[in-house]
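Data block below; observations after.
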């Protein structure tokens, strides 16, 4: 994963975690994953490196 990037898209996070984008969105909807920060301009989900680390812990990775 690129370390100098501040935020990551849901697609990038899915690739890093080895799960589908739909799984991330489903887990978010069910409250398994916390809701990420949203870009104020386009409202896209933005995940930080810390978010990704936390998601890995939730998945047991």
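Numbering (the working numbering), first residue to last: 140 to 200. Beta carbons are placed, not taken as given, at the ideal position from N, Cα and C, and that holds for glycine. Small disclaimer: the values here were computed from a predicted structure and weren't measured.
In the three-state reduction of the DSSP assignment, residue 189 falls in the helix class. Beyond the five residues adjoining it in sequence on each side, residue 147 comes within less than 6 angstroms, by CB distance, of 186 in the same chain, given in chain order.
Beta-carbon to beta-carbon, residue 197 and residue 163 are separated by about 11 angstroms, too far to satisfy the 8 angstroms threshold. Going by C-alpha positions, residue 144 is about 18 angstroms away from residue 179.
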